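Worksheet: the structure to be examined is printed underneath.
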Amino acid sequence: NRLNNSKNWREFVGQKIMKICFLGCGNISQAIIDGLLKSGISPSDIACIERNEQRVESLRAQNLQIIELENLASMDFDLVVLAVKPKDALSAEQNIFKMVPKAAILSVVAGISIEKYSQPDAIIRAMPSTACAFGKGVTALYAKDQSSTAFKAANELFNEVGHVLALKSEDEMHRFTSIIGSGQAFLFQVLNTYLQELEKIASTDQVAIKSMFQDFVSSLGDSFSQEQNFESLINKIKSPGGTTQAGLESLEENNLDKILQDAFRAAEDRSIEISNEK
Numbered sequence: 118n119r120l121n122n123s124k125n126w127r128e129f130v131g132q133k134i135m136k137i138c139f140l141g142c143g144n145i146s147q148a149i150i151d152g153l154l155k156s157g158i159s160p161s162d163i164a165c166i167e168r169n170e171q172r173v174e175s176l177r178a179q180n181l182q183i184i185e186l187e188n189l190a191s192m193d194f195d196l197v198v199l200a201v202k203p204k205d206a207l208s209a210e211q212n213i214f215k216m217v218p219k220a221a222i223l224s225v226v227a228g229i230s231i232e233k234y235s236q237p238d239a240i241i242r243a244m245p246s247t248a249c250a251f252g253k254g255v256t257a258l259y260a261k262d263q264s265s266t267a268f269k270a271a272n273e274l275f276n277e278v279g280h281v282l283a284l285k286s287e288d289e290m291h292r293f294t295s296i297i298g299s300g301q302a303f304l305f306q307v308l309n310t311y312l313q314e315l316e317k318i319a320s321t322d323q324v325a326i327k328s329m330f331q332d333f334v335s336s337l338g339d340s341f342s343q344e345q346n347f348e349s350l351i352n353k354i355k356s357p358g359g360t361t362q363a364g365l366e367s368l369e370e371n372n373l374d375k376i377l378q379d380a381f382r383a384a385e386d387r388s389i390e391i392s393n394e395k
């Protein structure tokens with residue numbers, strides 16, 4: 118599949134190799150870049166605009182090209198990935214269009230709706246997850262024109278690093294952000310509690326504990342790949358009157374479902390607030 122994806126990357130407009138430029142190379146850009154490189158994409162197909170010297174050194178170590186914003190006018194990029202802080206997004210978009218009036222901009226900036234930009238018809242909005250670094254990202258994608266070459270290119274990009282969910286409405290981005298974007302951190306918070314409890318009874322070294330816990334977490338995904346029904350998976354572990362049953366009843370009594378749903382709602386509401394602030 119990866120070989121086929123890489124072929125699509127190079128053939129999405131005939132035999133032309135897709136060229137991508139990242140404006141801003143923080144955590145989400147680095148996750149996408151890592152995933153692209155692991156999938157077999159050549160570093161020569163990726164360029165970066167970044168001011169942080171420490172990040173620049175890391176990008177150069179990956180053999181990526183570092184350019185200045187002014188170079189956009191002389192280089193033919195299929196997509197310019199806008200990945201700056203929300204407070205800088207609108208001015209950065211305008212600067213891109215000053216350099217390249219017909220640029221196709223792929224925004225991964227959280228909370229900034231397409232209508233906030235100066236040329237909303239030319240903006241594709243994406244909400245990727247950091248799992249893109251491992252080729253397991255889940256990315257929501259939206260644009261006014263979803264039949265354009267640029268939207269197709271954005272689909273190809275994120276299919277290289279995971280899965281794509283094309284949204285019918287941009288408003289759905291807020292809910293997606295809360296479930297997949299912020300939701301990763303919620304699960305990490307829960308897993309951190311698991312790890313802390315394991316460490317309390319562990320007599321071995323920390324490296325071994327981390328390896329043990331890594332296998333424990335990955336086994337959850339393996340189980341789901343074989344049986345994609347959580348009720349069935351739970352029933353395979355619990356027995357009437359047993360320890361698992363007691364723990365599950367405690368979770369139900371403490372309304373775990375509502376706790377998580379409230380967290381999703383809080384993240385969604387904050388996403389809407391951020392959008393309205395700009």
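Here the sequence shown is numbered in the numbering used here, starting from 118 and rising by one per residue. Built from N, CA and C at the ideal position, the CB exists for glycine as well. Computed from a predicted model, the values in this text were never measured in an experiment.
So for Q179, helix, strand or coil by DSSP?
coil
Where C249 falls: helix, strand or coil (DSSP):
helix
Based on DSSP bridge pairs, tell me the residues matched to T361.
None, per the DSSP bridge assignment.
If we count the other Cβ atoms within 10 Å of its Cβ and call it buried at 16 or more, is P357 buried or exposed?
exposed
Three Cβ pairs or more, each shorter than 8 Å: is that satisfied between the segment 141 to 151 and the segment 186 to 197?
no
If I measure Cβ to Cβ from G254 and keep anything under 6 Å in the same chain, skipping five residues before and after, which residues do I get?
P245, S246, A248, V278, G279
Please name the residue, chosen from L368, F333, F381, that lies closest to G300 on a Cα-to-Cα basis.
F381
Using DSSP with H/G/I as helix, E/B as strand and the rest coil, what is M192?
coil
Uninterrupted alpha helix (DSSP H) stretches inside the segment 366 to 395 (no shorter than 4 residues):
373 to 394
With 16 other CB atoms within 10 Å as the buried threshold, where does T294 fall?
buried
With a cut-off of 8 Å on the beta carbons, I'd call I231 and I222 a contact; round off their distance for me.
I231 to I222, Cβ: 10 Å. No contact.
In whole angstroms, what separates the C-alpha of K155 from that of A250?
8 Å
Same chain, Cβ closer than 6 Å to C165, five either side skipped, listed in chain order
F139, C142, L176, L181, I183
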